[in-house]
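Colleague: Mind looking over this structure? Questions follow.
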Amino acid sequence: MSAASEEPVLLLDDVRKSYRTPFGLGRIEVLRGVNLVVGRGETVGFLGPNGAGKTTTLKIIMGLARPDGGTVRVLGRPPSDRNARHGVGFLPEQPYFYDYLTPREILELAAALFALPSAVARKRVADGLELLGLSRVRDTPLRKLSKGWLQRVGLAQALIGAPELVVLDEPMSGLDPVGRREVRELIASLKNQGTSVLLSSHILSDAELLCDRVAVVVGGQIRYQGPLARFGAGEAAFVDLVIDGLDSQRAVPPGLEPLSVEMRAGLCCVRVKSQSEADSLLRHCLEQAGRVVSVTPNRVGLEEIFAQALQGGSAGAP
Amino acid sequence: MRQVLAIAKNTFREAIRDRIFHSLFAFAVVVVLSSLLLGYVTVGERARLVMNVGLASIQLFGVLIAIAVGTGLVYKEMAKRTIFTLLSKPVARYQFLLGKYLGLGAVLTVQLVGMTAVFHAVFLPSGGWVSVITFQAILLMLVELMVITAVVLLFSTLASPFTGGLLSLLFFLIGHSIGELQKYSDLYGKHTTSALWKLGFALFPDLERFNFKENALYSIPVPWTHVAEACLYGTLLSAAFVIAATLVFERREFA
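Just so you know, the protein sequences line up as chains Z and P, in that order. If you count the first sequence from 1, you need to add 1275 to reach the numbering used here. If you count the second sequence from 1, you need to add 12 to reach the numbering used here.
Here it is in structure tokens:
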């Protein structure tokens, strides 16, 4: 691997940003020294509560806002260098488009802004419409499309330049369950193609399924960078088991103290507080010839994790 | 250049589908047609009256379209956040502004061509004539409209559409009366000796340099050197305002 390819596709070092308050009376610090690295082919989740500084960070990456201090390098170049943006695709949060255009026209405009040769542009537009399932609405004005369709158009225009780095701000927003699954599959396929992805989201399950690691930003600072499981989110707060063929007396092994046991529609529903308790309950049920209908680990909520990070709780060092 | 043309094409498409443009264009057509009625109730000089009203309407509605559509050019992109999608592509900010400028310029050209056709459709049956001078006057109207568009673009990066529109209109009015204002100032003003005052008069664009309506009206020939001079003057003014708009826009952040 050459030295150039070892260079991270995205580097933020001690990035700071503040905005002037109304009437210029003071300044609000939005970013307080953000450090973030996205390697080649890596999918990184950028998580944080509302107002943590996620969108400001993404705007700085895309050259839409300027940092007060620190270093930003996108594909080895500063974000103000438009050549850097040749290799980047961006989906803004709740993407806004010209509502008088159609999906095809939006993609044609995006292709023209990348200065793609005509034949390549035509193919990319057709592929983008196909990939995001937009062929059916290709000539429908955007004002007539639902939020879910607009999100797909946003994703299609972000990918039109065949980017090395894709920056997605809340890509699942406004999508129905089928759409969410399709977008998850799309992001997974980008990863398989070696495209780097920075995925800003507040939905933990998306990050869990897609990301190699996550960076958690709280109060304008990265409080944690690493695998999501190590952040505490991998731990189940409690586990729900549904068992058929056993009553509440027979389902629970002696010595185990479940959080709750109740019969619902002839099924025994048991809640235990750890994965190890769930394992022993499962073994017991099988011995008793019971049938396990479902096992659902319930994870710590992201809000709770953010609250812990705010207090300097489970969050590790950046 | 492809990026500039793509943005220009999109701006053209946006403006041409704008209701304000449709309304103003329709109103301009009605005004030109109404000059025909005025011609019937006026004794003599019917064709000249139609030409007077026609050319004035072409200019006035051109300016109104430039201001009404132009003031929202950049502001609307920021307010609707469509600018995020555009500027996150490999597009320099000057390319964005240049595209916007050329797009609106194309709209104004279409408006001018359309209005010229309507005008001649009314003018010729009223005893009018086809003249190079008329076309020279209309060409210089377009040059002036491009200057106005550049000014509108600058205000669009700085202010809300209402303020920008008001300032642009003020620019148009002062630009057409700067010569007169200077004359009055020299005769009666207390500040005529002030170097700053004189510099202000000297630097403020004189839009009367583009006004050849009287020549068209009374068939006074306009040398092509005058036309070329006015075109050069207009191009330099437009460039200066577009550059100023770019300098403002380069510093802009998008919240």
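Glycine residues also receive a C-beta, built at the ideal position from the N, C-alpha and C atoms.
Interface residues of chain P around Gln-1432/Z at Cβ under 7 Å?
Modeller: Locating residue 1432/Z in the first sequence gives position 157, counting from the first residue. Those within 7 Å of Gln-1432/Z in chain P are Thr-97.
Colleague: Between the alpha carbons of Ala-171/P and Ala-91/P, how many angstroms are there, rounded?
Modeller: Along the second sequence, one-based indexing puts residue 171/P at 159. Along the second sequence, one-based indexing puts residue 91/P at 79. When rounded, the distance between both Cα atoms is 12 Å.
Colleague: Kindly indicate which residue of Glu-89/P, Leu-249/P, Leu-67/P and Ala-228/P has the alpha-carbon position closest to the one of Gly-126/P.
Modeller: The residue given as residue 126/P occupies position 114 in the second sequence. The shortest C-alpha separation from Gly-126/P is found at Leu-67/P.
Colleague: Of the choices Asp-1481/Z, Cys-1560/Z and Lys-1419/Z, whose alpha-carbon is the least far from that of Thr-1318/Z?
Modeller: Along the first sequence, one-based indexing puts residue 1318/Z at 43. Among Asp-1481/Z, Cys-1560/Z and Lys-1419/Z, the Cα nearest to that of Thr-1318/Z is on Asp-1481/Z.
Colleague: Quick one: is Leu-85/P buried, meaning 16 or more other Cβ sit within 10 Å of its Cβ, or exposed?
Modeller: Working through the second sequence from its first residue, we reach residue 85/P at position 73. Taking all protein chains in view, the Cβ of Leu-85/P is crowded by 16 or more other Cβ atoms within 10 Å, so the residue is classified as buried.
Colleague: Using beta carbons (cut-off 7 Å, strictly below), is His-1361/Z in contact with chain P?
Modeller: Working through the first sequence from its first residue, we reach residue 1361/Z at position 86. Yes, His-1361/Z counts as interfacial toward chain P.
Colleague: I want to verify the contact list: residues of chain B whose CB lies under 9 Å from the CB of Asn-1310/Z, in sequence order.
Modeller: The structure shown has no chain B; the protein chains it does contain are Z and P.
Colleague: How many angstroms separate the CA atom of Ser-1448/Z from the CA atom of Glu-1304/Z?
Modeller: Position 173 of the first sequence holds residue 1448/Z. Position 29 of the first sequence holds residue 1304/Z. Separation of Ser-1448/Z and Glu-1304/Z (C-alpha to C-alpha, rounded to the nearest whole angstrom) is 27 Å.
Colleague: If contacts are defined as beta-carbon pairs under 8 Å, then Asn-1573/Z and Ala-1512/Z qualify, I think. What distance do you get, rounded to the angstrom?
Modeller: Locating residue 1573/Z in the first sequence gives position 298, counting from the first residue. Locating residue 1512/Z in the first sequence gives position 237, counting from the first residue. Contact flag correct, Cβ pair sits at about 5 Å.
Colleague: Inspect the beta-carbon positions of Leu-1339/Z and Leu-1311/Z and report whether they are closer than 7 Å.
Modeller: What you label residue 1339/Z is simply residue 64 of the first sequence in a count that begins at 1. What you label residue 1311/Z is simply residue 36 of the first sequence in a count that begins at 1. Going by C-beta atoms, Leu-1339/Z is not nearer than 7 Å to Leu-1311/Z.
Colleague: Considering only residues of the same chain and omitting the five flanking positions on each side of Glu-262/P, which have a CB-CB separation below 7 Å?
Modeller: Within the second sequence, the letter at position 250 stands for residue 262/P. Only Arg-105 meet the Cβ criterion.
Colleague: Taking just the CA atoms, how far does Ala-118/P sit from Arg-1352/Z?
Modeller: One-based indexing of the first sequence puts residue 1352/Z at position 77. One-based indexing of the second sequence puts residue 118/P at position 106. Going by the C-alpha atoms only, they are around 36 Å apart.
Colleague: May I have the straight-line CA-CA distance separating Thr-258/P from Gly-82/P, to the nearest angstrom?
Modeller: Taking the second sequence and counting its residues from 1, the one referred to as residue 258/P is at position 246. Taking the second sequence and counting its residues from 1, the one referred to as residue 82/P is at position 70. Cα-Cα distance, rounded: 15 Å.
Colleague: Find the residues of chain P that neighbour Phe-1389/Z, judging by a C-beta separation of less than 8 Å, and give them in chain order.
Modeller: The residue labelled residue 1389/Z in the question sits at position 114 within the first sequence. By Cβ distance, chain P contributes Lys-101 and Pro-102.
Colleague: Hey, is Leu-1384/Z's beta-carbon within less than 7 Å of any beta-carbon in chain P?
Modeller: In the first sequence, residue 1384/Z corresponds to position 109, counting from 1. Cβ-Cβ to chain P under 7 Å: yes for Leu-1384/Z.
Colleague: Looking only at its own chain, which residues have a Cβ that is under 6 Å from the Cβ of Leu-154/P, when we skip the five neighbours before and after it?
Modeller: Mapped onto the second sequence, residue 154/P falls at position 142. Contacts found: Leu-124.
Colleague: To the nearest angstrom, how far is the alpha carbon of Ile-160/P from that of Val-1442/Z?
Modeller: Counting from one through the second sequence, the residue named residue 160/P turns up at place 148. Counting from one through the first sequence, the residue named residue 1442/Z turns up at place 167. Approximately 39 Å, taken between the alpha carbons.
Colleague: Closest to Tyr-113/P by C-alpha separation, out of Thr-169/P, Ser-206/P, Leu-211/P and Glu-241/P, would be which residue?
Modeller: Locating residue 113/P in the second sequence gives position 101, counting from the first residue. For the residues Thr-169/P, Ser-206/P, Leu-211/P and Glu-241/P, the minimum Cα distance to Tyr-113/P belongs to Thr-169/P.
Colleague: If we require 3 or more residues per run, which beta strand (DSSP E) segments fall completely within the region 1322-1386 of chain Z?
Modeller: Fully enclosed beta strand (DSSP E) runs of 3 or longer: 1344-1349 and 1363-1366.
Colleague: Do Arg-1379/Z and Arg-1413/Z have their C-beta atoms within less than 7 Å of each other?
Modeller: For the purposes of this step, residue 1379/Z is identified with residue 104 of the first sequence, where counting begins at 1. For the purposes of this step, residue 1413/Z is identified with residue 138 of the first sequence, where counting begins at 1. Contact: yes.
Colleague: Could you tell me the alpha carbon to alpha carbon distance between Ser-1393/Z and Gly-1362/Z, rounded to whole angstroms?
Modeller: Within the first sequence, numbered from 1, the residue matching residue 1393/Z stands at position 118. Within the first sequence, numbered from 1, the residue matching residue 1362/Z stands at position 87. The alpha-carbon atoms of Ser-1393/Z and Gly-1362/Z are separated by roughly 19 Å.
Colleague: DSSP three-state call for Val-1514/Z: helix, strand or coil?
Modeller: One-based indexing of the first sequence puts residue 1514/Z at position 239. In the three-state reduction of the DSSP assignment, Val-1514/Z falls in the strand class.
Colleague: With 16 other CB atoms within 10 Å as the buried threshold, where does Ala-1590/Z fall?
Modeller: The count along the first sequence starts at 1 and reaches residue 1590/Z at position 315. The predicted position of Ala-1590/Z is uncertain, since its pLDDT is 42 and thus under 50; no value can be drawn from it.
Colleague: According to DSSP, what are the bridge partners of Lys-195/P?
Modeller: The residue you call residue 195/P lines up with position 183 of the second sequence. Lys-195/P pairs with nothing; no bridge assigned.
Colleague: Checking contacts by CB at 7 Å: is Leu-1225/Z closer than that to chain P?
Modeller: Because residue 1225/Z is not part of the residues shown, which for chain Z are 1276 to 1593, the question remains open.
Colleague: Just to confirm the assignment, what range does the beta strand (DSSP E) spanning Ser-1535/Z have?
Modeller: Working through the first sequence from its first residue, we reach residue 1535/Z at position 260. Element bounds for Ser-1535/Z: 1535-1539.
Colleague: Along the region 1350-1379 of chain Z, where does the CB come closer than 7 Å to a CB of chain P? Name the residues.
Modeller: Arg-1357, Asn-1358, Arg-1360, His-1361, Phe-1365, Pro-1367, Pro-1370, Tyr-1371, Phe-1372, Tyr-1373 and Tyr-1375
Colleague: Using 7 Å as the limit for Cβ to Cβ distance, is Asn-22/P near chain Z?
Modeller: By 1-based counting over the second sequence, the position of residue 22/P is 10. Chain Z contact via Cβ: present.
Colleague: Do Val-1547/Z and the ligand SAM come close, with the Cβ less than 6 Å from some heavy atom?
Modeller: Of ligands this structure carries none, so the ligand SAM is not represented either.
Colleague: Under 7 Å, do Leu-219/P and Gly-177/P count as touching if we go by C-beta distance?
Modeller: For the purposes of this step, residue 219/P is taken as the residue at position 207 of the second sequence. For the purposes of this step, residue 177/P is taken as the residue at position 165 of the second sequence. Cβ distance not < 7 Å, so Leu-219/P and Gly-177/P don't count as in contact.
Colleague: Name the chain Z residues whose beta carbon is nearer than 8 Å to that of Phe-266/P?
Modeller: Residue mapping note: residue 266/P aligns to position 254 of the second sequence, counting from 1. Those are Lys-1334, Leu-1339 and Ala-1340, listed as they occur along chain Z.
Colleague: What residues of chain Z sit near Thr-94/P, judged by a beta carbon separation below 8 Å?
Modeller: Taking the first residue of the second sequence as 1, we reach residue 94/P at position 82. Going along chain Z in sequence order, the residues near Thr-94/P (Cβ under 8 Å) are Tyr-1371, Phe-1372 and Tyr-1373.
Colleague: Going by beta carbon distance, what residues of the same chain come within less than 7 Å of Asn-1236/Z, once the five residues before and after it are set aside?
Modeller: The requested residue 1236/Z is not part of the displayed model; chain Z covers only 1276 to 1593.
Colleague: With three or more beta-carbon pairs closer than 8 Å as the criterion, would you say the region 1562-1569 of chain Z touches the region 1513-1525 of chain Z?
Modeller: Three or more Cβ pairs drawn from the region 1562-1569 of chain Z and the region 1513-1525 of chain Z lie within less than 8 Å of each other, which places the two stretches in contact.
Colleague: Does any residue of chain Z bring its CB to less than 7 Å from the CB of Arg-31/P?
Modeller: Start at 1 with the first residue of the second sequence, and residue 31/P comes out as number 19. Chain Z contact via Cβ: absent.
Colleague: Between Glu-1368/Z, Ser-1549/Z, Leu-1285/Z and Pro-1297/Z, which has its C-alpha nearest Val-1309/Z's C-alpha?
Modeller: Your numbering for residue 1309/Z matches position 34 in the first sequence. Of Glu-1368/Z, Ser-1549/Z, Leu-1285/Z and Pro-1297/Z, the residue nearest in Cα terms is Leu-1285/Z.
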